[in-house]
Amino acid sequence: MTIQRMDNVAIVVPDLSAAIAFFTALGMEPGNSTPIEGVWADRTVGLEGVRSEIAMMRTPDGHSQLELTTYQHPEALGGEWANPAPNTLGLHRIMFAVDDIDDTIARLRPHGAELLGDVVNYEGVYKLCYLRGPAGIIVALAEQIG
Numbered sequence: 001m002t003i004q005r006m007d008n009v010a011i012v013v014p015d016l017s018a019a020i021a022f023f024t025a026l027g028m029e030p031g032n033s034t035p036i037e038g039v040w041a042d043r044t045v046g047l048e049g050v051r052s053e054i055a056m057m058r059t060p061d062g063h064s065q066l067e068l069t070t071y072q073h074p075e076a077l078g079g080e081w082a083n084p085a086p087n088t089l090g091l092h093r094i095m096f097a098v099d100d101i102d103d104t105i106a107r108l109r110p111h112g113a114e115l116l117g118d119v120v121n122y123e124g125v126y127k128l129c130y131l132r133g134p135a136g137i138i139v140a141l142a143e144q145i146g
């Protein structure tokens, strides 16, 4: 038995509309949005009284998805996990291949994106960078140059 595919990565965000705008500016395509609640949701995630909304975002090739989630109840947790450093244990970052890294960064800045370091040339093969996206997640960008 093997897995069939990786279906999606979920990101909990405080502002669903802002996150949708960020990932749309990145070049992802908005999909379905739906409220999530009920006993099945409580039992699935192990919380009581879940009320949330999800919005699916697809890459243009249709092979990858993000599930953006905002919680009305119970309230989303932040605190010490907000804006984690790149060496924090757990989910490290998500990376996207882009055709023009400088243009992509320029499109994302109005949506709150901030570079963590610099755009670097990796051995003449890629231009790479890390930036901070919605809910403090780290989004890596890679442009193949060689």
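Numbering-wise, the sequence shown is residues 1 to 146 according to the UniProt record's numbering.
No residue lacks a Cβ here, since even glycine has one placed at the ideal position from N, Cα and C.
Run of the beta strand (DSSP E) containing residue i, from where it starts to where it stops
i    : result
I54  : R51 to R58
V139 : I138 to Q144
V120 : V120 to Y122
Identified DSSP bridge partners for residue i
i    : result
T69  : V12 and I54
T88  : None, per the DSSP bridge assignment.
I94  : V139
S33  : A55
E114 : R132
Status (buried if at least 16 other CB within 10 Å, exposed otherwise) for residue i
i    : result
S52  : buried
P110 : exposed
V39  : exposed
E143 : buried
A135 : buried
L66  : buried
L89  : exposed
V98  : buried
V45  : exposed
V50  : buried
Proximity below 9 Å, CB of residue i to CB of residue j
i    : j    : result
R93  : V139 : yes
L108 : Y130 : no
P74  : G27  : no
V119 : L68  : no
M57  : T24  : yes
G133 : G117 : no
N121 : I137 : no
L77  : I101 : no
Element boundaries [alpha helix (DSSP H), containing residue i]
i    : result
L131 : Taken as a continuous stretch (DSSP letters only), L131 belongs to no alpha helix (DSSP H), being part of the beta strand (DSSP E) at Y126 to R132.
D102 : I101 to L108
R43  : V39 to V45
Cβ-Cβ separation, residue j to residue i (assumed contact under 8 Å), whole Å
i   : j   : result
I54 : I36 : 6 Å
V70 : L16 : At residue 70 the sequence reads Thr, which differs from the Val that was named. So it is a contact: roughly 4 Å between Cβ atoms.
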